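First the structure, in the form of structure tokens, and then the observations on it.
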Amino acid sequence: MVVEKKRRVRKEKCEFRCTEAEKKEIMEAAKKCGLPSSEFLRRKVFQKSEKDLAASIQIEKMLKDLDWKLSKIGVNINQIARMCNSKKFVSRAEGEEIKKYMNLVSYYFSELLTAVLNTKGSGNGEAGNGDYKITED
Numbered sequence: 003m004v005v006e007k008k009r010r011v012r013k014e015k016c017e018f019r020c021t022e023a024e025k026k027e028i029m030e031a032a033k034k035c036g037l038p039s040s041e042f043l044r045r046k047v048f049q050k051s052e053k054d055l056a057a058s059i060q061i062e063k064m065l066k067d068l069d070w071k072l073s074k075i076g077v078n079i080n081q082i083a084r085m086c087n088s089k090k091f092v093s094r095a096e097g098e099e100i101k102k103y104m105n106l107v108s109y110y111f112s113e114l115l116t117a118v119l120n121t122k123g124s125g126n127g128e129a130g131n132g133d134y135k136i137t138e139d
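To convert, count from 1 in the sequence shown and add 2; that's the working numbering.
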């Protein structure tokens, strides 16, 4: 499944003056966050706090990592399914391997959910307040 991301077209340019030291600090902070300086500054303006900015960057990285891991797991499950279809049965080992992959998927999603719920907010004051706990069913 391919999800198309709609990119926002930014036509307006905003310039401001700063000292050489301020510029260096902005550039270093943006680099530390792994963002272009313009995106870093936008997030600093529109996010409520340093913690929100750090949390949103962490969650983005986790989502990219999760996407990659799920893709690998999907490939492995497809290979097992192909083997099962050719043999017309599923061995105990293959069933255990599928169970292992499903547990990994569950683990990755719980890690992401924990990160999201422990975030103080998304900058608009409407996100989680960090009071949630993840429980096993």
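Positions of the beta carbon are idealized from the N, C-alpha and C atoms, including for glycine.
Since the structure is predicted, the reported quantities are computational estimates derived from the model, not experimental observations.
Check	Outcome
Tell me whether residue 58 is buried or exposed, calling it buried when 16 or more other Cβ atoms sit within 10 Å of its Cβ.	buried
Do the CB positions of residue 42 and residue 32 come within less than 7 Å of each other?	yes
Just to check my reading of the structure: residue 68 and residue 110 have Cβ atoms closer than 8 Å, yes? What is that Cβ distance to the nearest angstrom?	5 Å
Exposed or buried, which one is residue 141 when buried takes at least 16 other CB atoms within 10 Å?	What the structure shows of the chain is the stretch from 3 to 139, and residue 141 is not part of that stretch, so it cannot be assessed.
Would you mind giving the Cβ-Cβ distance between residue 61 and residue 106, rounded to the nearest angstrom? I have them listed as a contact below 8 Å.	Not quite, the Cβ-Cβ distance comes to about 19 Å (not below 8 Å), so this is no contact.
Report back the beta-carbon spacing between residue 86 and residue 77 to the nearest angstrom; my notes put them in contact at under 8 Å.	Contact flag wrong, Cβ pair sits at about 15 Å.
Output needed for residue 117: all residues of its chain with C-beta closer than 8 Å, excluding positions within five of it in sequence on either side, in chain order.	57, 60, 61, 64
Let's see if you can read the secondary structure: which residues bound the alpha helix (DSSP H) around residue 33?	22-35
What are the boundary residues of the alpha helix (DSSP H) that includes residue 47?	39-48
Closer than 7 Å by C-beta to residue 84: which residues in its own chain qualify, once you throw out the five before and the five after it? Chain order, please.	none
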